[in-house]
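The sequence shown finishes on residue 679 if you use the UniProt record's numbering, and the numbering steps up by one all the way, no holes.
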Amino acid sequence: MVKRKRPASTTEADSHREEIARSLTPASASSRQQQGTLEYPGRSESPSCQESERSPQQPAAVPSLVNVLPSITRKVTACVACRKNKVKLRCQEIPLLNLISKPTDKINVEHLRTDVQNLHQTIDYICQHLDIQRPRPLLISGNEQRAAGESIRLDGECDAGPTEGCEVSPPESPTAVQAPIDTFLDIAKHGTPNSAKIPPGVTRANGRADLISKGIITLETAEQLLRRYYSRLDHFLYGICGENRDLDHLRKDSPTLLTAICTVSALHDPHDQETYEACNREFRSQVARSLFEKRDVEYLRALCIASFWLADASRILSSDGIRRAADMRLHRSFDSLLGAHPPEYSSPSSSSPIVAADRIRLWYLLFVCDQHLSILHNRDSLLRNDKDIAVSWEAYLHRVEATESDVRILSQVSLLLIMGQVRDVLGSDKEMQLPSALTHQISNYSRQLDRWFTRFSALFVTNAHIGEFPRRGLELHYQFGRLYLGQQVFKGLRGNPIPMHFLSAAHMAHEATVTIFEMILNDPHMSENLVGMPHYFHVMIAFAGHLLLEICHNHHVQLNIDLPGDLHLINAVLGVFRNIACITYHPLRRMAPGLNRKLSETVTMLGLGSLSENSHTGNTLSTTVQHAGITGGPGPSTQTLGSMNNIFPLGSSEAPVDDFLFTDMGEFTFPDLVSNFMP
């Protein structure tokens, strides 16, 4: 008796089609190829055909036979859905299925396209906000050519517009003596394709987005940063920005100056480190993009401001500023203002006395910053000390229009000229001992420093914004000068006794270091402005502490110094540093752990089991010592350091902050003094 075949139900047919669809996926196809079985997608056998190939003994309800497909000898080019509807293949590639067969599916794909585009726009905004490479354009945008053009402009943003090239010397300077390069540039500019299209001196800064339009900071944050800078910080730098400029003016005329001001202002906000990081990242990006571009005086002002406060980029910014100042012939404004040149030789940019005075002050600030860096890094200065504008500073000071800020700037110029002579004569980059013949030179420089301090002390007045800090800063710079001069006699000693003819200079260096730390500890005008002063102050304070500890370790007997008092003094100042609120990137936060480590090592090497809290440096010191301490290793007596174990412990699990070895500080090693401030 022949069994009648049961027709397949609709549910079984749909299940069978779903099984075939799953078999068409790339993963299932590859697995079947590994097993030696080749299956062709798109072949759909009817249930009756499958039933005819079964063994008569095999029940029809066995599930395993449903997944077995017969061998097919012909190639199928249509998917199941297309073959079912008897239409041509609508799929783009095999074995991809043509699943878009209903209007609802097309709507879902459009929604998916919109979602992907929204995600891409969000990622693009995040990349732009973080100033990192933006993602590639979407291929589904339908305008690949436009997207590719935008990508190219983003990658080479600084090259937008015609290429100007890099001018070695500006030929349009009317007051400069003609140089050989001027003749070449005058001849070559006629052969430049874009020479007739771009007027000389025109930059591409206009139209460039600023940190507000990019969404890096909000408008309210920018206004707050500007208020902080103009009301306080700008007066530490002798009012370099002059009158208060509103936000719209800065955004339109000098986006880089706006970014520099916001970066410096954010550095002094102890509660918003993220704003500083974002502004600093944008400022570096703007400077990097402008390397081969011509810029104006406002851009130079931005470099100058950043050079005084951003310690880890100061040398790079200062060098670029000096190069641009030379191209702008800033120093020529000095001759123009004082009437050294006839009016017809004056530069149009400095024909106004107000403009000329501003350009001169800007040059003096670049000179001060360059001299500071030459002292901190033991290198030659980039600007020559014998320039007329430098050595003739008194002529500028004696003008009727000279202001309080001019007096402060020129006091620095005068002091740094003396310290520059010390560097050139005594050779700060040499580690050999000084010959005894230089004793008279050291005495001469010491007298010059005394006369300098006496002269300018009578000229300084109280500042309306930072109070008595200019006077205190003058005294602090005086002590820095004595410190820089006196530390020269310790070169090459390597722990040996100080030569007798240099004992007075050694005492001068020790007195300077003690005075510096006593000013920080006892003078509120000094301690209150530790966050605000340029980074030169912090580096010299750190060096003063390092030198004082070296003297305590190697020469306290010969110099007959108060060893416990000096150690307690440094420890108390470290307590002051600890209580000052500042962000991670501020120099105070980065130098205190290193000084603490040096103090701990010195106490251990001296074999001091404990330090008495009864200091000889005054009641203020004794009170501060009770709240500050250090952690040190065991000395020969294997006793602990008593109460000196609360501040910056060496065993702290807190990761050290880049310490005081800034990425741009180079070899911060004064002769014979390894100034490693790492904790």
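Every residue, glycine too, gets a C-beta built ideally from N, C-alpha and C. Small disclaimer: the values here were computed from a predicted structure and weren't measured.
query                                                                                                                             : result
CB of Pro255 within 7 Å of CB of Asp296, strictly                                                                                 : no
Same chain, Cβ closer than 7 Å to Asp566, five either side skipped, listed in chain order                                         : Val514, Leu548 and Cys552
Segment contact, 8 Å Cβ cut-off, at least three pairs: the region 300–311 with the region 227–247                                 : yes
Spatially closest choice to Gly594 from Leu291, Met605 and Ile570, by CA coordinates                                              : Ile570
Closest residue to Leu365 among Leu258, Val407, Leu438 and Ser265 (Cα-Cα distance)                                                : Val407
Cβ neighbours of Leu521 in the same chain (closer than 6 Å, five flanking residues each side left out)                            : Ala572 and Val573
Val489 classed as buried or exposed, judged by whether at least 16 other C-beta atoms fall within 10 angstroms                    : buried
Touching by the beta-carbon criterion (3+ pairs, under 8 Å), the region 498–513 and the region 317–337                            : no
Leu493 and Ala544 closer than 7 Å at C-beta                                                                                       : no
Same chain, Cβ closer than 6 Å to Pro26, five either side skipped, listed in chain order                                          : Unreliable positioning characterises Pro26 in this predicted model, as indicated by a pLDDT of 48, which lies under 50. The coordinate reading is nonetheless provided below. Same-chain partners within the cutoff: there are none.
Member of Ile216, Lys214 and Leu247 whose CA lies at the smallest distance from the CA of Glu223                                  : Leu247
The region 461–476 touching the region 428–444, judged by at least three CB pairs closer than 8 Å                                 : no
Selection from Arg471, Asp388, Arg423 and Val355 that minimises the alpha carbon distance to Ser411                               : Arg471
Under the three-state DSSP convention, the category Asn496 falls into                                                             : coil
Beta-carbon contacts of residue 680 that lie in its chain and below 8 Å, excluding the five residues immediately before and after : The chain is shown from 1 up to 679; residue 680 falls before or after that span and cannot be answered.
7 Å Cβ cutoff met for Glu468 and His525                                                                                           : yes
Cβ distance (whole Å) where Leu138 is taken to contact Val116 below 8 Å                                                           : 7 Å
Stretch pair the region 504–513 + the region 281–297: three plus CB contacts closer than 8 Å                                      : no
Where Gly467 sits in the DSSP three-state scheme                                                                                  : strand
Whole alpha helix (DSSP H) elements within the region 239–295, 4-residue minimum                                                  : 247–253, 255–267 and 273–289
Helix, strand or coil at Gly321 according to DSSP, with G and I counted as helix                                                  : helix
From His440, Ala437, Asp450 and Lys387, residue whose alpha carbon lies closest to that of Leu415                                 : Asp450
Rounded straight-line distance, which links the Cα of Leu559 to that of Val461                                                    : 37 Å
Beta carbon proximity, Glu404 to chain C, threshold 7 Å                                                                           : In the structure shown, chain C cannot be found, because there is only a single protein chain.
Whether Leu257 touches Arg323 by CB criterion (7 Å)                                                                               : no
Contiguous alpha helix (DSSP H) assignments of at least 4 residues, all confined to the region 548–579                            : 563–578
Spatial distance of residue 707 from Thr602 (CA atoms)                                                                            : Residue 707 lies beyond the stretch modelled for the chain, which goes from 1 to 679, so this question has no answer here.
Under 7 Å between C-beta atoms of Leu330 and Arg359                                                                               : yes
Spatially closest choice to Ser265 from Ile583, Ser600 and Leu606, by CA coordinates                                              : Ile583
Buried or exposed by the 16-neighbour rule on C-beta atoms within 10 Å, applied to Asp186                                         : exposed
Under 7 Å between C-beta atoms of Cys369 and Ser318                                                                               : yes
8 Å contact criterion, which Arg227 and Gly532 should meet: CB distance rounded                                                   : Contact flag wrong, Cβ pair sits at about 15 Å.
Residues near Gly215 in its chain [Cβ-Cβ closer than 7 Å; skip 5 each side]                                                       : His129
Counted within 10 angstroms of its Cβ, other Cβ atoms place Leu112 as buried (16 or more) or exposed                              : exposed
Cβ-Cβ separation, Ile418 to Gln448 (assumed contact under 8 Å), whole Å                                                           : 5 Å
C-beta contact flag for residue 688 and Leu382 at 7 Å                                                                             : There is no way to answer for residue 688, as the model of the chain reaches only from 1 to 679.
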